[in-house]
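Working notes for the structure below.
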Amino acid sequence: MESPTKARKLLAIAKSYKEISKKKIQELIRRNGSLVKKVLTLEELISKMKKKALISDSAGSVLKENRPVPEPLPHEVLISIHTVGICGSDVHYWKHGGIGDFTVKKPMILGHESSGTVVKTGNQVKHLKPGDKVCIEPGVPCRRCEFCLNGRYNLCPDIQFSTTPPVDGSLCQFYCHDAAFCYKLPDNVSLEEGALMEPLSVAVHACRRSQVTAGKSVLICGADPIGLVNLLTSKALGATKVCIIDLMKQLTVTV
1 MESPTKARKL
11 LAIAKSYKEI
21 SKKKIQELIR
31 RNGSLVKKVL
41 TLEELISKMK
51 KKALISDSAG
61 SVLKENRPVP
71 EPLPHEVLIS
81 IHTVGICGSD
91 VHYWKHGGIG
101 DFTVKKPMIL
111 GHESSGTVVK
121 TGNQVKHLKP
131 GDKVCIEPGV
141 PCRRCEFCLN
151 GRYNLCPDIQ
161 FSTTPPVDGS
171 LCQFYCHDAA
181 FCYKLPDNVS
191 LEEGALMEPL
201 SVAVHACRRS
211 QVTAGKSVLI
221 CGADPIGLVN
231 LLTSKALGAT
241 KVCIIDLMKQ
251 LTVTV
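Letter by letter, the sequence shown follows residues 1 to 255 in UniProt numbering.
Here is the structure:
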């Protein structure tokens, strides 16, 4: 057991350290008040940031631009984008300034094959929370027309599709999207794989239309990413023989 005298000395030393620390903290606050006035929350930090975005503003032009980080609407989520695929449509908007009747009339953010992590949710969103990994379905339909009500919302004439003028895409650091069209990824699916969900849906639709079933043979023309996910989907549906051909002979394969 410590003697009373030694204990008093230790207490005095402790008090002196406490006073010294208090004075140092007060001095730091006096000198750097604007820096230590408060600790920013994640939401406050994001609100003060600018997002980097890849923009196409005319045929043959693409540039990087800083834009304000958007605030999600009540039914939306704000996503920190991790991976974005480059679609042929992105290349068309970049090289030619449009696709058919869809032309770039003002600077537009490219990209729609995306995945990322939710950082903020609107107050009506219940099925997602900050930290969830999600893939994004880029088309948001009206949900009121005949096609939507019959479950064929991909045919909605009023669909808002990412990177279809004038709608911005998701090739940027932060992106707001309708939470109903953001899907939580399981732990065993990476964000890189999540960005392939939109192209994979194209393959699933193509194989259904082509009635690919067990035992069938399939020919795929073009060994691009869409061709490759069609190959994987055909095999998953039980196709016995799948041939994929391409103008580049080294990409031709039979599996």
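Beta carbons: idealized from backbone N, C-alpha and C, even for Gly.
In its own chain, which residues sit with a C-beta less than 7 Å from the C-beta of residue i, not counting the 5 before and 5 after it?
i, result
"D90", "L110, G111 and T163"
"G238", "T213, A214 and G215"
Between the Cα of residue i and the Cα atoms of the options, which residue gives the shortest distance?
i, options, result
"T121", "L73, V202, Q211 and G215", "L73"
"F147", "N123, K249 and I159", "I159"
"C156", "P165, C145 and Y93", "C145"
"S201", "L231, I55, Y175 and C176", "L231"
"P107", "Q250, E76 and G60", "G60"
"residue 258", "A236, A179 and D246", "Since the displayed the chain opens at 1 and closes at 255, residue 258 lies outside it and no answer follows."
"P166", "V104, D224 and T233", "V104"
"H75", "C176, A236, V255 and C207", "C176"
"G222", "A236, N188 and K249", "K249"
"E113", "H127, F161, L78 and H96", "F161"
"C207", "A236, N188 and V77", "A236"
By a C-beta neighbour count over all protein chains shown, 10 Å radius and 16 as the cutoff for buried, is residue i buried or exposed?
i, result
"H205", "exposed"
"E137", "buried"
"Q173", "buried"
"L149", "exposed"
"A203", "buried"
"G194", "buried"
"L28", "For L28, the pLDDT reaches just 46, beneath the cut-off of 50, and the residue's location in the model is therefore unreliable, leaving the point undetermined."
"E192", "exposed"
"M247", "The amino acid at residue 247 is misidentified as Met; the sequence shows Leu. It is exposed - the Cβ of L247 has fewer than 16 other Cβ atoms within 10 Å."
Residues in the same chain with beta-carbon distance under 6 Å from residue i, minus the five sequence neighbours each way, listed in chain order, please.
i, result
"F181", "E137 and V140"
"T254", "C243"
"W94", "S56 and V62"
"N32", "Confidence is the limiting factor: at N32 the pLDDT is only 48, short of 50, which leaves the residue's position unreliable, though a coordinate-based value still follows. Same-chain partners within the cutoff: there are none."
Do the CB positions of residue i and residue j come within less than 8 Å of each other?
i, j, result
"T252", "S217", "no"
"T83", "S56", "no"
"S170", "I81", "yes"
"T117", "D101", "no"
"A53", "E65", "yes"
"C135", "M197", "yes"
"P225", "P199", "yes"
Could you name the residues of the same chain whose beta carbon sits closer than 8 Å to that of residue i, not counting the 5 residues immediately before and after it, in chain order?
i, result
"L228", "I244"
"I220", "G227, N230, L231, S234, V242, C243, I244 and I245"
"G98", "A59, H92, V104 and P165"
"K129", "V118 and T121"
"H127", "A179 and K184"
"L78", "I46, V69, P70, E71, P72, V118, V119, K120, T121, F174, Y175 and C176"
Is the beta carbon of residue i within less than 7 Å of some heavy atom of the ligand ATP?
i, result
"A206", "Looking for the ligand ATP in the displayed structure turns up nothing, as the structure carries no ligands at all."
Could you name each continuous beta strand (DSSP E) segment of 3 residues or more that falls completely within the region 80 to 131, going from the start of the chain to the end?
113 to 121
Unbroken alpha helix (DSSP H) runs of length 4 or more, entirely within the region 213 to 247: which are they?
225 to 236
Completely contained alpha helix (DSSP H) runs for the region 131 to 174, where each covers 4 or more residues
146 to 149
Tell me the start and end of each unbroken alpha helix (DSSP H) in the region 178 to 204 that is at least 4 residues and wholly inside, in chain order.
191 to 194
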